[in-house]
Amino acid sequence: MDRFETLTAFVAVADQRSFAAAARALAISPPAITRAIASLERHLEVRLFHRSTRAVALTDDGAAFLDRARRILIDLREAEQIVMGGRSVPRGQLYLTAPVMFGKLHVLPALSALLASHEGLSARMMLIDRNVRIVEEGIDVAVRIGTPADSALRVVAIGSVQQTIVASPEYLAEHGAPASPSELKDHRCIIGSGVRAGGAWAFGPKGETIIDVAPRLTVNTVDATIAAAEAGLGLANLLSYQTAQAIAAGRLVRVLAHDAPPPMPVSLLFEGGRAAMPAVRLFIEAMKERARQRAWA
Numbered sequence: 685m686d687r688f689e690t691l692t693a694f695v696a697v698a699d700q701r702s703f704a705a706a707a708r709a710l711a712i713s714p715p716a717i718t719r720a721i722a723s724l725e726r727h728l729e730v731r732l733f734h735r736s737t738r739a740v741a742l743t744d745d746g747a748a749f750l751d752r753a754r755r756i757l758i759d760l761r762e763a764e765q766i767v768m769g770g771r772s773v774p775r776g777q778l779y780l781t782a783p784v785m786f787g788k789l790h791v792l793p794a795l796s797a798l799l800a801s802h803e804g805l806s807a808r809m810m811l812i813d814r815n816v817r818i819v820e821e822g823i824d825v826a827v828r829i830g831t832p833a834d835s836a837l838r839v840v841a842i843g844s845v846q847q848t849i850v851a852s853p854e855y856l857a858e859h860g861a862p863a864s865p866s867e868l869k870d871h872r873c874i875i876g877s878g879v880r881a882g883g884a885w886a887f888g889p890k891g892e893t894i895i896d897v898a899p900r901l902t903v904n905t906v907d908a909t910i911a912a913a914e915a916g917l918g919l920a921n922l923l924s925y926q927t928a929q930a931i932a933a934g935r936l937v938r939v940l941a942h943d944a945p946p947p948m949p950v951s952l953l954f955e956g957g958r959a960a961m962p963a964v965r966l967f968i969e970a971m972k973e974r975a976r977q978r979a980w981a
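Taking the working numbering, I'd label the letters of the sequence shown as residues 685 to 981.
Printed below as a string of structure tokens:
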């Protein structure tokens with residue numbers, strides 16, 4: 685293996701925590717992975733992994749080397765994509781991440797159109813309801829909802845979403861609708877997990893009024909939160925794009941709309957160098973166009 689292939693093997697073993705799993709992920713033989721790591725350790729004159737019959741773990745030297753190895757591979761991949769695709773034709777792999785439901789509803793359609801139009805482009809999309817480390821994971825573009833905290837990254841705002849407190853018509857018929865946020869203490873509430881997890885619900889023109897709700901039910905996905913609300917188990921705090929279909933179909937009703945906090949921005953985050961990649965530029969434009977069509981308003 686050359687130096688870059690050896691680094692790829694090292695990162696794969698670190699990610700998979702297994703030589704065999706890394707070999708499967710890279711579609712090479714386990715002995716080849718073992719030889720690559722041994723060669724790298726000889727070259728660096730350090731031990732990168734603690735090995736046992738049950739587990740593989742990074743040594744302190746290995747952990748210190750991992751971030752730099754990732755950075756080298758990311759820079760190489762970015763340079764290859766720019767050269768292979770010129771500055772106008774998207775080629776290679778585009779790696780995206782987004783919240784689960786937003787990704788399914790709004791990122792996947794935009795990505796599908798790009799893939800249909802550009803034969804040389806492939807994509808990898810990680811849908812997860814938590815913020816991941818963009819640089820360390822080698823992600824080209826991340827879709828974020830809420831104020832971005834990654835100050836070193838470039839940010840393109842593409843729209844906003846609104847907090848919505850919802851319940852089923854059956855629940856409201858039985859328990860009544862809260863007239864003010866303070867009345868939530870008298871209601872059954874559903875709490876979800878993820879970035880917006882927790883029982884502190886914000887209200888008011890600046891989000892200055894915080895109501896601590898006691899959950900009657902806690903679930904770990906947005907889909908489950910919506911399903912629980914539709915089943916009449918209580919009030920749920922969700923975002924407008926998550927509830928739009930259920931509200932339009934009459935399965936959920938929005939309450940406390942006049943007390944909602946300010947809208948939350950929807951942004952695309954990426955490293956500055958990735959702006960030169962044709963696939964990144966086209967994806968950003970595709971998401972801007974979807975926002976102009978008020979796809980998630």
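Just so you know, even glycine gets a beta-carbon here, dropped at the ideal spot from N, CA and C.
Backbone secondary structure at G843 - three-state DSSP
strand
Going by beta-carbon coordinates alone, are L953 and P832 separated by less than 8 angstroms?
yes
Kindly indicate which three-state DSSP category A739 falls into: helix, strand or coil?
coil
If you drop the 5 nearest sequence neighbours on each side, which residues of the same chain put their C-beta closer than 8 angstroms to that of G770?
Reliability of the predicted coordinates at G770 is poor, the pLDDT of 49 falling under 50, and no value is obtained from them.
List the whole-angstrom C-beta distance separating A886 from P945, where the pair is believed to meet the contact cut-off of C-beta under 8 angstroms.
5 angstroms
With H, G and I counted as helix, E and B as strand and the rest as coil, what does DSSP make of R976?
helix
Look up D896 in the DSSP assignment and give the residues it is bridged to.
A884
Going by Cα to Cα distance, which pick from F967, S723, V839 and D686 is closest to S801?
F967
Looking at the unbroken beta strand (DSSP E) that takes in L936, where does it start and where does it end?
Run containing L936: none; DSSP gives neither H nor E here.
Assumed close pair A707, I721 - CB separation to whole angstroms, cut-off 8 angstroms
Not a contact, Cβ separation roughly 11 angstroms.
Nearest-angstrom beta carbon gap, D745 and L724 [assumed within contact, 8 angstroms]:
At roughly 11 angstroms, the Cβ-Cβ gap does not stay under 8 angstroms, so L724 and D745 are not in contact.
I need the straight-line Cα distance from I985 to S866, nearest angstrom please.
No answer is possible for residue 985: it lies beyond the span of the chain, which begins at 685 and ends at 981.
Cβ contact (3+ pairs, closer than 8 angstroms) linking the stretch 774-793 and the stretch 848-867
no
Between which two residues does the beta strand (DSSP E) carrying L805 extend?
L805 to L811
Option nearest R958 by Cα separation, candidates L837, R938 and K890:
L837
Roughly how many angstroms separate the alpha carbons of I842 and T893, rounded to a whole number?
27 angstroms
Where does the unbroken alpha helix (DSSP H) through A707 begin, and where does it stop?
F703 to L710
Take the Cβ of D759 as the centre, count every other Cβ of all protein chains shown within 10 Å, and call the residue buried at 16 or more, exposed below.
exposed
Tell me the residue span of the alpha helix (DSSP H) that contains A800.
L792 to S801
Identify, in the order they occur along the chain, each residue of the same chain with its Cβ nearer than 8 angstroms to the Cβ of R938, setting aside the five sequence neighbours on each side.
T848, I849, V850, T927 and I931
Would you call the stretch 858-877 in contact with the stretch 969-980, where contact means no fewer than 3 C-beta pairs closer than 8 angstroms?
no
So the candidates are R817, L792 and P853; which of them puts its Cα closest to the Cα of A933?
P853
Helix, strand or coil at S951 according to DSSP, with G and I counted as helix:
strand
Output the distance between the C-alpha atoms of E858 and A920, rounded to the nearest integer angstrom.
16 angstroms
Please name the residue, chosen from R719, M809, F703 and G822, that lies closest to R761 on a Cα-to-Cα basis.
G822
For V903, which of helix, strand or coil comes out of DSSP?
coil
Less than 8 angstroms between the CB atoms is what I'm expecting for S702 and V740, so what's the real figure, rounded?
6 angstroms
Exposed or buried, what is S951 when buried is set at 16 or more other beta-carbons lying within 10 Å of its beta-carbon?
buried
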